[in-house]
Amino acid sequence: MRLTTLIEDISGGVHDLVPQHGLSFLIESRDRTVLFDMGQDGTFIRNAESLGLDLTKVDAGIISHGHYDHGGGLSSFLACAPHAPVYLKAGAGEASYARDIRGYRYIGLDTGIVAAEAGRLTWISTDTEIFPGFMLITDILDPEPSPPGNRALLLRRQENYTPDPFLHELFLVVDEDDGISIITGCGHSGILNMVYTAKERYPGRPVKAVAGGFHLTDRETPPQLVRYIGKALKSAGCGRVITGHCTGSRAKEILREEFGNRFTAVFTGYSTWI
Numbered sequence: 084m085r086l087t088t089l090i091e092d093i094s095g096g097v098h099d100l101v102p103q104h105g106l107s108f109l110i111e112s113r114d115r116t117v118l119f120d121m122g123q124d125g126t127f128i129r130n131a132e133s134l135g136l137d138l139t140k141v142d143a144g145i146i147s148h149g150h151y152d153h154g155g156g157l158s159s160f161l162a163c164a165p166h167a168p169v170y171l172k173a174g175a176g177e178a179s180y181a182r183d184i185r186g187y188r189y190i191g192l193d194t195g196i197v198a199a200e201a202g203r204l205t206w207i208s209t210d211t212e213i214f215p216g217f218m219l220i221t222d223i224l225d226p227e228p229s230p231p232g233n234r235a236l237l238l239r240r241q242e243n244y245t246p247d248p249f250l251h252e253l254f255l256v257v258d259e260d261d262g263i264s265i266i267t268g269c270g271h272s273g274i275l276n277m278v279y280t281a282k283e284r285y286p287g288r289p290v291k292a293v294a295g296g297f298h299l300t301d302r303e304t305p306p307q308l309v310r311y312i313g314k315a316l317k318s319a320g321c322g323r324v325i326t327g328h329c330t331g332s333r334a335k336e337i338l339r340e341e342f343g344n345r346f347t348a349v350f351t352g353y354s355t356w357i
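Take the position in the sequence shown, starting the count at 1, then add 83; the result is the number in the working numbering.
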């Protein structure tokens with residue numbers, strides 16, 4: 084499997100690429116290519132062009148959850164790859180908000196685009212194999228608590244703001260001959276919960292890598308919790324950890340201490356074979 088980072092919060096010094104708060108991965112495996120998340124706008128397409136990648140040939144798009152920094156590029160993707168379906172979990176179109184000292188800020192998907200492009204969107208509510216070896220996992224176990232940073236993330240229903248339980252989040256498992264890779268957008272459901280779910284769905288299969296944002300923000304996440312998560316990922320047999328976006332700099336350093344050269348902090352333009 085080849086994973087290429089089209090959008091991430093930092094540039095990594097890669098020439099002509101534009102970083103952006105958000106995430107977008109291009110994943111190639113088993114003669115299929117999927118786009119996992121789309122950043123805030125069409126920047127991921129321009130970055131792909133700079134890398135010599137043709138997104139018009141992408142077979143499908145995936146939006147991991149209903150936040151603008153993962154699905155804001157939806158209309159750009161639909162125009163770029165008019166044949167490709169886009170998969171979302173049911174509920175990803177709800178009104179998502181973040182709360183800070185200034186009040187409530189809308190962070191959800193563009194509802195006008197979601198409505199206008201309804202025919203191109205596939206809403207799923209159960210685990211769904213979109214291609215052989217590409218499984219979208221919607222039913223996420225929850226033996227571990229969700230990340231502390233979720234506390235400021237809410238849903239608005241009528242006039243009420245309620246904590247977002249992230250029932251609209253999914254993740255991707257890529258199943259290959261030598262094991263599985265787990266791809267997440269933000270890990271709002273808890274990265275350990277995602278790994279444990281994948282291991283239950285694929286018993287006995289090696290976990291080659293877990294890649295994506297883990298929502299271990301520096302402000303809200305105690306270092307001892309990150310250390311616990313790092314040790315638990317090792318105990319779960321995760322071969323590599325590839326993370327960025329909403330994984331804070333302190334969390335990255337702790338995970339690097341745990342995994343050594345099996346840890347990578349991603350950047351816009353980073354590409355690897357897994």
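Glycine included, each C-beta is placed from N, C-alpha and C at the ideal position.
For the pair Ala334 and Leu299, the CB atoms are nearer than the 8 Å cut-off. Taking all protein chains shown into account, Lys282 has 16 or more neighbouring C-beta atoms within 10 Å of its C-beta and is therefore buried. Taking a contact as a CB-CB distance under 8 Å, the pair Phe119 and Gly156 does not count as one, their CB atoms being some 12 Å apart. Within the same chain, Cβ atoms closer than 8 Å to the Cβ of Glu259 are found at Met84, Ser112, Arg113, Gly216, Lys291, the five residues on either side in sequence being excluded. Between the alpha carbons of Ile110 and Ala131 lies a gap of roughly 12 Å. Between Asp193 and Tyr151, the alpha-carbon positions lie close to 8 Å from each other. Within the stretch 245-308, the alpha helix (DSSP H) runs of at least 4 residues that lie entirely inside it are, in chain order, 274-284. Bounds of the beta strand (DSSP E) holding Tyr180 are 179-183.
Distance from the Cα of Pro226 is smallest, within the candidate group Thr205, Thr116, Leu338, Ala315, for Ala315. Nearest C-alpha to Pro306 among Gly154, Arg339, Lys172: Arg339.
Checking the DSSP bridge columns, you'll see Gly144 partnered with Leu118, Val169. Residue environment for Thr245: exposed (fewer than 16 other C-beta atoms within 10 angstroms of its C-beta). With contact defined as three or more Cβ pairs closer than 8 Å, the stretch 227-239 and the stretch 169-183 are in contact.
Contact between Leu106 and Ala294 is absent: CB atoms are separated by about 10 Å, not below the 8 Å threshold.
With respect to Gly95, Phe350 sits close: the two C-beta atoms are nearer than 8 Å. Here Glu91 is buried, its C-beta having at least 16 other C-beta atoms within 10 Å. Going by DSSP, Ser159 is part of the alpha helix (DSSP H) stretching over 157-163. For Phe214, same chain residues with a beta-carbon under 8 Å away, outside a window of 5 residues either side, are Arg113, Arg115, Val117, Asp142, Ala143 in chain order. In the structure shown, Ile312 falls within a helical segment according to DSSP collapsed to helix, strand and coil. Shown here for Trp356: same chain residues with a beta carbon closer than 6 Å to its own, the five before and five after excluded, namely Arg85 in chain order. Boundaries of the alpha helix (DSSP H) harbouring Ile128: 126-133, taken from the DSSP string.
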